[in-house]
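*Asks:* If you read the sequence shown in the numbering used here, its first letter stands for residue 1, the second for the next number, and so on.
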Amino acid sequence: MSSLMDPPIDDTYRTLGYALKRAQQALRGHLDTELRNIGLTTPQYSVLAGLEFSAGLSNAELARRAFVTPQTMQAIIVTLERAGLIQRMAHPVHGRVRTTELTPAGRSALRAAHEIVANAEVLARNAVAPGDPEIIYSALLRIAEAMP
Numbered sequence: 001m002s003s004l005m006d007p008p009i010d011d012t013y014r015t016l017g018y019a020l021k022r023a024q025q026a027l028r029g030h031l032d033t034e035l036r037n038i039g040l041t042t043p044q045y046s047v048l049a050g051l052e053f054s055a056g057l058s059n060a061e062l063a064r065r066a067f068v069t070p071q072t073m074q075a076i077i078v079t080l081e082r083a084g085l086i087q088r089m090a091h092p093v094h095g096r097v098r099t100t101e102l103t104p105a106g107r108s109a110l111r112a113a114h115e116i117v118a119n120a121e122v123l124a125r126n127a128v129a130p131g132d133p134e135i136i137y138s139a140l141l142r143i144a145e146a147m148p
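1. Taking Ala-109 as the reference, give the member of Thr-72, Arg-65, Ile-38, Gly-17 with the closest Cα.
2. Measure the C-alpha to C-alpha separation of Pro-130 and Ala-23 and round it to an integer number of angstroms.
3. Going by other Cβ atoms of all chains shown within 10 Å of its Cβ, with 16 needed for buried, is Gly-29 buried or exposed?
4. With Ile-86 as the anchor, note down where its alpha helix (DSSP H) starts and where it stops.
5. Hey, out of Arg-82, Ala-60, Arg-98, Leu-80, whose CA is closest to Arg-88's CA?
6. So what's Arg-96 in DSSP terms, helix, strand or just coil?
7. Rounded C-beta distance between Leu-102 and Glu-61? I'm assuming under 8 Å.
8. Give the DSSP bridge partners of Met-51, in chain order.
9. Drop a sphere of 10 angstroms on the beta-carbon of Pro-92, count the other beta-carbons inside from all chains shown, and report buried for 16 or more, exposed for fewer.
10. Excluding the five sequence neighbours on either side, which residues of its own chain have a C-beta within less than 7 Å of the C-beta of Ala-105, listed in chain order?
11. So, at 7 Å on beta carbons, what are the nonlocal neighbours of Leu-40 in its own chain, with the 5 sequence-adjacent residues on each side left out?
12. Using 8 Å as the threshold, is the C-beta distance between Val-128 and Ile-116 below it?
Written out as structure tokens, the structure reads:
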């Protein structure tokens, strides 16, 4: 009998990498569906959440945090600005730099989105370690840090 620790050579779907990707895709699909109900995408949520904690982040930093390209981030920013969820202004000192901040409507949308994401987190935690969610976080972070 095979296990994830010793997958058979002919079963590439029984590998740790495949299992991680499948879990990530399931989580992302769930978030995409639920966030769509409030008019957001998962990357848009990531941007709003990033701005909640660090107003004025650059597009490049927002792109890194949302796991998208800078070009895709530009499109996300434009969409969020048109929707009235963020506002962009000239930097008070550096005229060519633009800062990005949440609007009151953006904060309201973000509160609803946080609830959706928190519910998804509970589903994920309860599927693996309902009594000790730290087990999941630490294991996943150790995997990320182990990769050169």
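Each residue gets a CB set at the ideal place from its N, CA and C atoms; glycine is no exception.
Only a predicted model underlies this, so the values are computations on that prediction, with no experimental measurement involved.
*Replies:* With the structure as the only source:
1. Against the sequence shown, residue 109 aligns to sequence position 109. Relative to Ala-109, the option among Thr-72, Arg-65, Ile-38, Gly-17 whose CA is nearest is Ile-38.
2. Translated into the one-based positions of the sequence shown, residue 130 becomes position 130. Translated into the one-based positions of the sequence shown, residue 23 becomes position 23. Each residue's alpha carbon lies about 17 Å from the other.
3. Your numbering for residue 29 matches position 29 in the sequence shown. When all chains shown are included, Gly-29 counts as exposed.
4. Stepping through the sequence shown from its first residue, residue 86 is reached at position 86. Where Ile-86 is concerned, there is no enclosing alpha helix (DSSP H), although the beta strand (DSSP E) around it starts and stops at 86-90.
5. Reading the sequence shown from its first residue, position 88 is the one you call residue 88. It is Arg-98 whose Cα lies nearest to the Cα of Arg-88.
6. Position 96 of the sequence shown, counted from the first residue, corresponds to residue 96. Secondary structure at Arg-96: coil, using DSSP grouped into helix, strand and coil.
7. Taking the sequence shown and counting its residues from 1, one reaches residue 102 at position 102. Taking the sequence shown and counting its residues from 1, one reaches residue 61 at position 61. A Cβ-Cβ separation of about 16 Å leaves Leu-102 out of contact with Glu-61 under the 8 Å criterion.
8. The residue given as residue 51 occupies position 51 in the sequence shown. First, the amino acid is wrong: residue 51 is Leu here, not Met. DSSP lists no partner for Leu-51.
9. Translated into the one-based positions of the sequence shown, residue 92 becomes position 92. Exposed, because fewer than 16 other Cβ atoms sit within 10 Å of the Cβ of Pro-92.
10. Stepping through the sequence shown from its first residue, residue 105 is reached at position 105. Excluding sequence positions up to five before and after Ala-105, its CB lies within less than 7 Å of the CB of Gly-84, Leu-85, all in the same chain and listed in chain order.
11. As a first step, residue 40 must be located in the sequence shown, where it is residue number 40. The answer, listed in chain order, is Ala-109, Ala-113.
12. Translated into the one-based positions of the sequence shown, residue 128 becomes position 128. Translated into the one-based positions of the sequence shown, residue 116 becomes position 116. For Val-128 and Ile-116, no; Cβs fall outside 8 Å.
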